[in-house]
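Participant: Before I ask anything, let me first share the structure, which is written out below as structure tokens.
Residue numbers (my numbering), protein chains in the order written: chain W, 14 to 396; chain X, 14 to 396; chain R, 14 to 396; chain B, 14 to 396.
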């Protein structure tokens with residue numbers, strides 16, 4: 014069955030991503046936004062156990078009743094949960110136990126998927142798989158953070174996803190004003206926040222065919238962009254000063270040279286022709302202001318993306334993360350998936366080298382708070 | 014001259030608003046968002062001194078060189094300033110000194126305005142007057158907060174702006190889908206954030222002809238709306254629980270009855286037919302969700318407002334505060350006026366009983382963080 | 014009657030201390046340790062109303078029932094109270110109201126004291142007077158802080174208590190080892206923490222006959238004492254670095270010169286021969302370490318004080334604030350006076366130019382947290 | 014050689030204590046006071062590498078230059094260090110690496126100790142061994158905290174140190190007033206804070222021959238001792254209310270019964286006849302006040318300890334942690350050992366079931382902040 018083989022290969026990938034880790038790397042939570050890798054492995058498993066197996070597989074034996082408390086993330090509907098800042102305090106369940114948990118749930122899922130499930134369960138299962146793929150992307154962010162902020166700068170692997178981040182040839186693409194259709198159209202899976210397809214009116218605009226490079230971003234640094242308030246939003250300026258921000262995440266200025274943490278271990282020189290990455294929305298907007306340009310809206314991006322190459326890094330847009338006209342939440346825990354985050358976050362469009370290929374679609378709406386930058390993101394200019 | 018008489022009457026009004034205050038009321042800052050009334054009186058004066066008199070009136074004698082430090086608000090361009098949380102720590106300059114400062118600047122302005130100033134100065138002056146009117150509105154918020162959070166609940170005045178907040182007859186107004194024009198059109202003063210006029214496409218929608226009343230809001234409270242996470246944004250739910258929010262600001266539940274602070278002094282019973290006020294965006298959105306409705310966008314509001322009565326309270330919209338297409342900041346300190354706040358805030362539309370009549374226009378974009386509620390706001394449903 | 018005239022003159026002095034203030038100065042609370050002067054005036058009055066008049070004067074009419082909430086300081090026994098950090102948010106009662114409150118209570122006290130009260134009430138009254146005198150001293154600290162931290166550096170008065178802080182001739186006084194008696198002996202008023210008189214054994218020691226001067230302290234600064242961790246307690250070193258402490262409170266380094274806030278207004282040059290003042294215990298201990306000396310214990314101080322001149326500044330001792338053998342708290346609210354503070358504070362001995370003359374006794378135990386320095390304190394070395 | 018065999022057996026014990034742990038247990042830091050077990054193992058090793066091997070063994074090859082940064086604790090003299098709250102964020106070095114580090118240093122120490130080192134090095138070595146034994150005790154505290162605060166309440170081991178905590182027969186021992194000698198006397202190792210031996214005068218006192226039991230402490234709880242401010246120091250009362258403290262650490266009230274975490278895993282009923290443990294100084298003092306008694310001073314304890322049984326739990330005393338007369342710090346990093354903590358901490362006397370037997374001496378001065386309670390402590394009354 015296709016569903017089962019999909020299930021198994023997606024589930025396997027989460028473990029493959031973690032293969033290069035030492036047990037200790039699975040446990041820590043250096044900042045609140047990062048979760049311990051073992052938590053991701055457990056939480057994605059808990060999703061299938063809670064929403065598929067327990068309600069639908071009568072013979073299912075719960076692995077451990079306490080895991081609901083440990084591996085629930087933010088689903089208020091399904092009971093108490095470990096608060097996010099406490100995840101890195103839990104040495105148990107061990108990594109070995111989490112892998113046993115995965116095997117236990119996988120086994121039950123295999124027997125459950127022997128027969129074709131009914132449509133509503135199938136939809137839930139597909140959501141669960143997309144959910145696990147989102148956590149695979151987060152796993153990549155979090156692993157990089159855990160290793161890249163360790164004073165020993167340990168290696169992740171010789172081969173990795175950051176090997177080709179070169180920017181495209183820069184040019185301006187012109188798009189005419191008019192009414193355009195926005196949002197997902199089709200019958201494959203998409204998230205509720207991509208629905209419903211609707212019209213928007215866009216004025217004329219131009220958008221760059223390339224992401225901003227490290228070379229261009231270095232000019233901003235050298236021109237003292239981080240020290241000039243006039244490029245920054247008021248709250249961004251506070252953020253810069255409170256946190257003494259002076260360069261993208263993972264960059265270090267050592268003996269007069271700009272270095273960055275590299276997944277092969279250690280600090281390596283900045284690659285000038287690579288797209289700049291790991292910047293906050295604040296920095297993206299400040300850079301655009303310094304350039305005399307602006308960020309595109311998510312609607313401009315969606316229309317332009319049909320004509321340009323995109324997809325190595327998530328691209329910050331000017332748009333706030335808000336519901337599309339006619340948006341409505343699903344009932345129950347599943348309804349907590351997206352809608353409740355629709356305030357004070359910024360939309361990113363595109364995909365990154367850390368994204369599952371089947372998530373790479375033109376209507377996908379990613380979102381982060383404007384101060385965050387540990388995800389694989391970058392910046393494209395518009396005017 | 015019209016400009017001078019405008020100047021004088023606007024300047025006078027700030028003082029009239031403060032007339033019922035005791036000297037002590039001018040000094041305190043009970044929360045960071047509230048500024049001491051004497052600070053408002055000084056800061057609005059500093060605006061004219063700094064941007065009109067010093068650069069343009071050669072004979073002008075600065076009142077006190079230290080006042081630039083004390084009364085600058087957030088203009089990074091014009092030097093160091095007292096940080097916002099420290100304003101309530103300053104006993105000097107005294108209230109009497111601030112009134113002397115006002116008189117000194119007014120006198121200089123009178124002589125300056127004997128002759129018609131050139132156009133660019135005139136524009137600046139008009140901005141200064143609008144700026145003072147905005148601070149008059151803030152003065153009303155802040156004075157209410159200062160008195161309404163004092164354990165003695167002192168009176169402001171027998172006659173005041175809250176005397177008629179009754180809601181209109183409720184009905185649904187239907188608006189057809191189509192392309193609409195948004196933004197200020199005309200030659201009178203408007204703020205930079207209302208420009209430029211541009212097209213948007215709106216789908217069909219319905220909007221209520223009335224604000225939500227205290228009576229309706231009480232049903233939400235009684236139905237345990239504040240205890241049910243499913244109506245709340247994730248960050249709103251944290252806000253409710255961290256701050257133990259269970260009713261609008263100024264409401265008190267005493268001996269089984271709902272009371273509220275009244276500007277005539279003391280606590281009085283809730284007026285059921287009045288519009289609910291002093292709620293955060295979070296509460297407005299949670300109420301709408303509980304009702305199975307939603308908030309209008311700012312564009313829906315602007316189009317609908319031509320056909321409904323509005324204006325007793327600022328109305329929360331679903332829209333994030335973002336630049337209109339083609340928005341650009343003015344150079345220099347004036348450019349800091351609006352643009353730098355365009356992240357993580359929500360737009361409110363309309364006007365309130367605290368608003369200067371000449372600010373009451375259909376394109377005016379007010380904005381506050383979604384957790385704030387000390388301003389005169391309310392809520393209108395859409396679907 | 015002596016008691017009445019004492020009462021009246023002590024009550025009068027609190028008002029005299031505040032005479033040079035503007036109304037605004039009575040209201041603010043720039044840091045948590047400082048209380049608004051009007052609060053001191055109200056709180057000391059509340060003490061007499063609550064502990065003398067209400068329980069003992071049948072005809073007494075309470076001035077305002079809400080004042081118990083506003084002016085209670087830390088007496089948990091007597092109901093809810095405004096938390097310390099909120100005092101500066103209260104514009105009401107006004108200063109005029111507080112003076113009316115004082116007059117109202119004074120009048121009642123006058124009629125109450127027409128007849129000699131019984132002994133237990135008399136004791137309470139004397140405690141109340143000593144309590145007001147302690148607040149007079151705090152008033153002087155707080156007023157200095159309020160004016161001395163205002164960017165306009167306003168004057169308090171031409172004549173003031175800091176005019177003669179010159180240090181004595183420095184010498185070492187030698188005291189022999191032996192058993193000594195410590196604690197109050199006599200029949201006049203003393204605080205419960207000075208009782209009971211008891212024996213301690215002291216080894217040989219030497220103590221300086223003079224306080225440390227500004228001149229000596231400047232050498233410590235110039236020798237980079239604030240930058241060398243080895244002189245500092247671990248928590249002191251954190252305090253220095255977190256708060257960027259580099260000199261005593263009220264000192265400013267301007268254009269290469271050391272200035273300090275002066276009660277006559279403005280910043281004036283440091284007086285080299287004056288005793289150094291407004292330093293924390295941490296700084297006192299670090300200075301002593303840098304000198305290769307130490308601070309005296311409170312017992313050494315009490316014995317030595319019979320033979321040396323002391324009393325311009327409170328002197329930090331090495332001793333922690335702990336109960337004397339046999340110490341016991343009085344029952345009820347009065348018992349909250351001292352005992353509950355006997356943890357994590359340091360004893361200071363002596364008196365300061367801000368101290369009421371009748372508090373100047375050799376057994377008086379003052380106490381502050383080791384990081385505080387807004388009180389009039391100084392430092393004497395021992396070895 | 015005795016020194017070498019001592020070295021090896023002490024070093025071995027640290028590893029034996031950790032034997033029951035899973036790798037994950039070595040990594041986490043659930044509160045700032047707890048350090049990850051792997052950090053203890055590394056830090057104690059770093060001590061020998063830094064203070065013995067590097068300065069004295071010419072042929073010594075440093076294991077990893079970055080470890081100085083990772084494993085330095087608070088020695089400002091020896092360079093930058095990971096701040097205490099960050100220790101639980103470090104997944105590397107791995108546990109295996111730390112054990113390799115230990116083996117590497119042990120090997121070098123073995124060759125170094127082939128020949129008798131000179132006296133000053135020997136003293137340093139003995140300090141290093143005592144230092145490691147102190148960390149063995151901390152290891153036991155921290156491991157208990159890590160396991161006992163995990164929602165799965167995992168077991169440490171079947172056999173463990175808490176098996177016999179029964180209290181002795183209660184009686185009052187009377188000690189006469191007089192001059193007594195306090196402090197270490199002898200030629201074996203002691204810490205600098207136990208020196209110098211000196212005289213103190215003690216008044217008559219009585220001290221209990223038994224620690225307070227869980228049974229007695231439960232009466233305090235049932236009598237609402239945690240809800241009555243009058244037993245608590247002012248800052249203790251804040252601590253109780255801010256942290257909602259209502260019982261000792263590790264206690265849980267489940268279905269009407271008092272349970273506690275047990276090292277064999279899970280929650281078990283309170284043993285009524287065991288000594289109460291894991292309470293703060295605040296709680297110890299509040300209990301004593303409720304009983305109408307007090308805590309002994311450290312001097313009373315030291316004198317009484319010659320005549321009573323003691324040693325299952327550290328005993329809170331009333332005494333603040335201060336230098337003895339004539340105390341002086343050693344020069345260099347070693348001088349940072351004790352003196353710099355001599356402010357705002359309380360002395361505990363005795364020893365606990367977690368203490369190395371050779372640390373069990375009557376003059377040993379342990380110290381903790383008054384709010385801490387994760388160490389093995391208890392309470393003995395005096396009057």
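A virtual CB, placed ideally from N, CA and C, is assigned to each residue, including glycine.
1. Just to check my reading of the structure: residue 385 of chain B and residue 290 of chain B have Cβ atoms closer than 8 Å, yes? What is that Cβ distance to the nearest angstrom?
2. Quickly, what does DSSP pair residue 328 of chain B with across the bridge? List them, please.
3. What's the C-alpha gap between residue 335 of chain B and residue 148 of chain B?
4. Would you call the region 40-57 of chain B and the region 148-158 of chain B in contact, with 3 or more CB pairs under 8 Å?
5. For residue 23 of chain X, count neighbouring Cβ atoms within 10 angstroms of its own Cβ and tell me buried if that reaches 16, exposed if not.
6. Below 8 Å, how does it come out for the region 233-246 of chain W and the region 128-140 of chain W: are there three or more Cβ pairs, yes or no?
7. Pull out every residue of the region 197-231 of chain R whose Cβ sits closer than 7 Å to any Cβ of chain B, in chain order.
8. Quick one: which chain X residues come within Cβ less than 9 Å of residue 354 of chain W?
9. At a CB distance below 8 Å, what residues from the region 318-341 of chain B approach chain R? Give them in sequence order.
10. Would you call residue 288 of chain X buried or exposed, if buried means 16 or more other Cβ atoms sit within 10 Å of its Cβ?
11. Once you ignore the five residues that flank residue 279 of chain X on each side, which residues in its own chain have a CB closer than 8 Å to its CB?
12. Can you tell me whether residue 68 of chain B is buried or exposed, with buried defined as 16 or more other CB within 10 angstroms of its CB?
13. Which residues in the same chain as residue 316 of chain W place their Cβ atom closer than 7 Å to its Cβ, once the five residues preceding and following it in sequence are excluded?
14. Taking Cβ-Cβ distances below 7 Å as the criterion, which residues of the region 357-370 of chain R are in contact with chain B?
15. Figure out for me which residue from X:52, X:376 and X:134 has the closest Cα to the Cα of residue 64 of chain X.
16. Under 8 Å Cβ-Cβ, which residues of chain B neighbour residue 192 of chain R?
17. Going by C-alpha to C-alpha distance, which of B:190, B:232, B:184 and B:275 sits closest to residue 299 of chain B?
18. Within 10 angstroms of its Cβ, does residue 170 of chain X collect 16 or more other Cβ (buried), or is it exposed?
19. Please give me, in chain order, every unbroken run of the alpha helix (DSSP H) with length at least 4 that falls completely inside the region 300-329 of chain B.
20. Thinking C-beta only, is residue 379 of chain R closer than 7 Å to residue 326 of chain R?
21. Just curious, the beta strand (DSSP E) that residue 215 of chain R is in, first and last residue?
22. Taking DSSP's pairing of strands, which residues face residue 270 of chain X in a bridge?
23. Kindly list, in the order they appear in chain X, the residues whose Cβ is closer than 8 Å to that of residue 107 of chain R.
24. Residue 331 of chain X and residue 361 of chain X: beta carbons closer than 7 Å?
25. Strictly below 9 Å CB to CB, what residues from chain B border residue 383 of chain R?
26. Hey, would you say residue 107 of chain B sits closer than 7 Å to residue 37 of chain W, going by beta carbons?
27. Where does residue 51 of chain R fall in DSSP's three states?
28. Rank R:191, R:265, R:173 and R:310 by C-alpha distance to the C-alpha of residue 276 of chain R and give the top, closest one.
29. Check the Cβ of residue 82 of chain X against every Cβ in chain R and list those closer than 9 Å, keeping chain order.
30. Counting along the chain, where does the alpha helix (DSSP H) carrying residue 194 of chain R start and finish?
31. Can you say whether residue 266 of chain X is buried or exposed, counting buried as having 16 or more other CB atoms within 10 angstroms of its CB?
32. Among all the DSSP beta bridges, which residues are the ones paired with residue 288 of chain W?
33. Among all the DSSP beta bridges, which residues are the ones paired with residue 282 of chain B?
Facilitator: In short, the structure shows the following:
1. The residue you call residue 385 of chain B lines up with position 372 of the fourth chain. The residue you call residue 290 of chain B lines up with position 277 of the fourth chain. In fact, because the Cβ distance is near 13 Å, the residues do not count as touching under 8 Å.
2. Here the question's residue 328 of chain B lines up with position 315 in the fourth chain. Bridge partners of residue 328 of chain B: B:362 and B:391.
3. One-based indexing of the fourth chain puts residue 335 of chain B at position 322. One-based indexing of the fourth chain puts residue 148 of chain B at position 135. Looking at the two C-alpha atoms, the distance is approximately 22 Å.
4. yes
5. Translated into positions along the second chain, residue 23 of chain X becomes position 10. Classification of residue 23 of chain X: buried, given that the 10 Å Cβ count is 16 or more.
6. no
7. 211, 212, 213, 214 and 216
8. Within the first chain, numbered from 1, the residue matching residue 354 of chain W stands at position 341. Per Cβ cutoff of 9 Å: 246, 247 and 248.
9. 331, 332, 333, 335, 336, 338 and 339
10. The sequence position of residue 288 of chain X within the second chain is 275, counting from 1. Burial call: buried.
11. Numbered from 1 along the second chain, position 266 holds the residue referred to as residue 279 of chain X. So the qualifying residues of the chain are 166 and 168.
12. Taking the fourth chain and counting its residues from 1, the one referred to as residue 68 of chain B is at position 55. Looking at its Cβ environment, which holds fewer than 16 other Cβ atoms inside 10 Å, residue 68 of chain B is exposed.
13. Counting from one through the first chain, the residue named residue 316 of chain W turns up at place 303. The answer, listed in chain order, is 188, 193 and 215.
14. 357
15. By one-based count along the second chain, residue 64 of chain X stands at place 51. For the residues X:52, X:376 and X:134, the minimum Cα distance to residue 64 of chain X belongs to X:134.
16. Here residue 192 of chain R refers to the residue found at position 179 when the third chain is read from its first residue. Near residue 192 of chain R (Cβ distances below 8 Å), the residues of chain B are 192 and 214.
17. Here residue 299 of chain B refers to the residue found at position 286 of the fourth chain. Nearest of B:190, B:232, B:184 and B:275 to residue 299 of chain B, Cα basis: B:232.
18. For the purposes of this step, residue 170 of chain X is taken as residue 157 along the second chain, with counting starting at 1. It is exposed - the Cβ of residue 170 of chain X has fewer than 16 other Cβ atoms within 10 Å.
19. 311-317
20. Within the third chain, numbered from 1, the residue matching residue 326 of chain R stands at position 313. Within the third chain, numbered from 1, the residue matching residue 379 of chain R stands at position 366. Not a contact, by the Cβ cut-off of 7 Å.
21. Indexing the third chain from 1 puts residue 215 of chain R at position 202. Run containing residue 215 of chain R: 211-215, per the beta strand (DSSP E) assignment.
22. The sequence position of residue 270 of chain X within the second chain is 257, counting from 1. DSSP output for residue 270 of chain X lists X:267 as bridge partner(s).
23. The residue labelled residue 107 of chain R in the question sits at position 94 within the third chain. Those are 35, 36 and 37, listed as they occur along chain X.
24. One-based indexing of the second chain puts residue 331 of chain X at position 318. One-based indexing of the second chain puts residue 361 of chain X at position 348. Contact: no.
25. Reading the third chain from its first residue, position 370 is the one you call residue 383 of chain R. Going along chain B in sequence order, the residues near residue 383 of chain R (Cβ under 9 Å) are 356 and 357.
26. For the purposes of this step, residue 107 of chain B is taken as residue 94 along the fourth chain, with counting starting at 1. For the purposes of this step, residue 37 of chain W is taken as residue 24 along the first chain, with counting starting at 1. Result yes, Cβ atoms of residue 107 of chain B and residue 37 of chain W sit closer than 7 Å.
27. Residue numbering aside, residue 51 of chain R sits at position 38 when the third chain is read from its first letter. Helix.
28. Along the third chain, one-based indexing puts residue 276 of chain R at 263. For residue 276 of chain R, the nearest C-alpha among the options comes from R:173.
29. Here residue 82 of chain X refers to the residue found at position 69 when the second chain is read from its first residue. Neighbours of residue 82 of chain X on chain R, chain order: 164.
30. As a first step, residue 194 of chain R is located in the third chain; it is residue number 181 there, counting from the start. No alpha helix (DSSP H) contains residue 194 of chain R, which is instead part of the beta strand (DSSP E) from 191-195.
31. Here residue 266 of chain X refers to the residue found at position 253 when the second chain is read from its first residue. By the neighbour-count rule (16 or more Cβ atoms within 10 Å), residue 266 of chain X is not buried but exposed.
32. Against the first chain, residue 288 of chain W aligns to sequence position 275. W:226, per the DSSP bridge assignment.
33. Numbered from its first residue, the fourth chain carries residue 282 of chain B at position 269. DSSP lists B:272 as partners of residue 282 of chain B.
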